[in-house]
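A.B. asks:
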Amino acid sequence: MPKAIWNGAVLAESDRCEVVEGNQYFPADSLNMEYFKPSNTHTTCGWKGVASYYNIEVNGETNKDAAWYYPEPKDAAKQIKGHIAFWRGVKVQA
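First residue of the sequence shown? That's 1 in full-length UniProt numbering, and the numbers climb one at a time after it.
1) In whole angstroms, what is the alpha-carbon distance linking D15 and N32?
2) If I80 sits next to Y35, beta carbons under 8 Å apart, how far is it from one beta carbon to the other, in whole angstroms?
3) Residues bridged to Y69 by DSSP?
4) Can you give me the Cβ contacts of C17 inside the same chain, cut-off strictly under 7 Å, excluding the 5 residues immediately before and after it?
5) Can you name the start and end residues of the beta strand (DSSP E) that E21 belongs to?
6) Taking its Cβ as the centre, do 16 or more other Cβ atoms sit within 10 Å of H83, making it buried, or is it exposed?
7) DSSP puts W6 in a beta bridge; with which residues?
8) Would you kindly report the start and end of the unbroken beta strand (DSSP E) that includes N40?
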């Protein structure tokens with residue numbers, strides 16, 4: 001079962017992930033929300049839409065914009081609505 005880990009903490013774990021461009025997108029209900037803090041960062045993908053981000057905070061350390069999601073993805077990426085992916089040192093074990 002895919003699991004996302006950073007700084008010794010399990011951020012998310014689910015067998016209902018969606019894989020897009022090699023990234024595991026975890027369903028929102030699989031997140032341990034105690035580690036997620038909203039970020040003001042936004043980026044745009046030509047085919048997925050506008051992404052929003054979370055900072056990850058574990059044991060007093062912050063990993064800025066280490067998780068992202070598409071609140072309103074374009075039709076081509078509609079399967080990742082309500083899902084979150086990781087980068088910036090977050091280890092995803094599949």
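Ideal Cβ positions, reconstructed from N, Cα and C, are used throughout, including at glycine.
No experiment lies behind these values; they were computed from the predicted model shown.
C.D. replies: Taking the geometry as given:
1) In a straight line, the C-alpha of D15 is about 15 Å away from that of N32.
2) I80 to Y35, Cβ: 20 Å. No contact.
3) S52 and I84
4) P2, Q24, Y25 and F26
5) No beta strand (DSSP E) contains E21, which DSSP labels as neither H nor E.
6) Buried, because 16 or more other Cβ atoms sit within 10 Å of the Cβ of H83.
7) A9
8) Bounds of the beta strand (DSSP E) holding N40 are F36 to C45.
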